[in-house]
Amino acid sequence: MNFLDEEHILLFLVQVFILLFLCRSLGELFRRWKQPAMTIELLVGVVLGPTVIGRFFPELHSRLFPADIIQQNMLETVAWVGVLLLLLETGLEIDFSVAWRQRGNALIIAISDIFFPMLVAFIPCLFLPEKYLMEADRRIIFALFMATAMTISAMPVAARALHELNILKADIGFLIMSALAVNDIIGWVLFTIVMG
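9 is the number of the first residue of the sequence shown in my numbering; add one for each residue after it.
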């Protein structure tokens, strides 16, 4: 059984340093071109992941991001803490009285944001060849699963984008976040029902 040791901690610190250094330094460069920092952060993830480094320099990738479950859990835990802090900051900045005034519009947007992705995902899944299904007789369940998964929004990403554009506290920012909150609540309830 593997246990956390100094080597894990050292590699974790190296991983965090590389991620922060590349994201901050390249983020400043991209900011000069009027690009959001989120763009470079996604790009850094693609480059450091299996798509670029993993494909062209597999030994470097396996040393930097080994398949060790402890190492993966350490980095994943920090990532989740970052997402939680971002959502906390977003929640602290939102004035719910403004969101409440826009509840009708937020509900219409949220329902539309659920209905159309569900439709777009559900119908093609009904006609998917059997070789792509784990159990061909459960096609409807698979289609419902895919349709529901498509409805759940990326609220932390949207919050970050709105924050970078300085419109999180504007009426449109409140409307978007309110609609996403309703969308996520309905989406996760549907997801739980489908998976149950």
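Built from N, CA and C at the ideal position, the CB exists for glycine as well.
Is the beta carbon of residue j closer than 8 angstroms to that of residue i?
i: A151; j: F130; result: yes
i: T98; j: L28; result: no
i: I184; j: A162; result: no
i: A155; j: M126; result: yes
i: H16; j: Q80; result: no
i: L198; j: G181; result: no
i: G204; j: T159; result: no
i: P44; j: E172; result: yes
Just the Cα atoms here: how many angstroms apart are residue i and residue j?
i: V55; j: S105; result: 42 angstroms
i: F128; j: L115; result: Contrary to the premise, residue 128 reads as Val rather than Phe in this sequence. Roughly 20 angstroms between the two C-alpha positions.
i: G112; j: I119; result: 11 angstroms
i: R168; j: L95; result: 9 angstroms
i: M82; j: G53; result: 16 angstroms
i: V202; j: R147; result: 13 angstroms
i: E14; j: V22; result: 12 angstroms
i: E138; j: I26; result: 43 angstroms
i: G35; j: F153; result: 36 angstroms
i: F135; j: L37; result: 46 angstroms
i: I61; j: N174; result: 34 angstroms
i: K42; j: V24; result: 26 angstroms
i: P164; j: R109; result: 23 angstroms
Should residue i be labelled buried (16 or more other beta-carbon atoms within 10 Å of its own) or exposed?
i: N191; result: buried
i: R40; result: exposed
i: G90; result: exposed
i: S70; result: exposed
i: L19; result: buried
i: T200; result: exposed
i: D179; result: exposed
i: I149; result: exposed
* Evaluate the contact criterion for the region 50–65 versus the region 179–193: three or more CB pairs, one atom per stretch, below 8 angstroms. => Output reads no: the region 179–193 does not touch the region 50–65.
* Would you check if the region 75–82 and the region 136–144 touch, i.e. whether three or more CB-CB distances between them fall below 8 angstroms? => As far as the Cβ criterion goes, the region 136–144 does not touch the region 75–82, which means the pair count is below three.
* Three or more C-beta pairs below 8 angstroms linking the region 45–60 and the region 21–36 -> Touching, yes, given that three or more Cβ pairs across the two stretches are closer than 8 angstroms.
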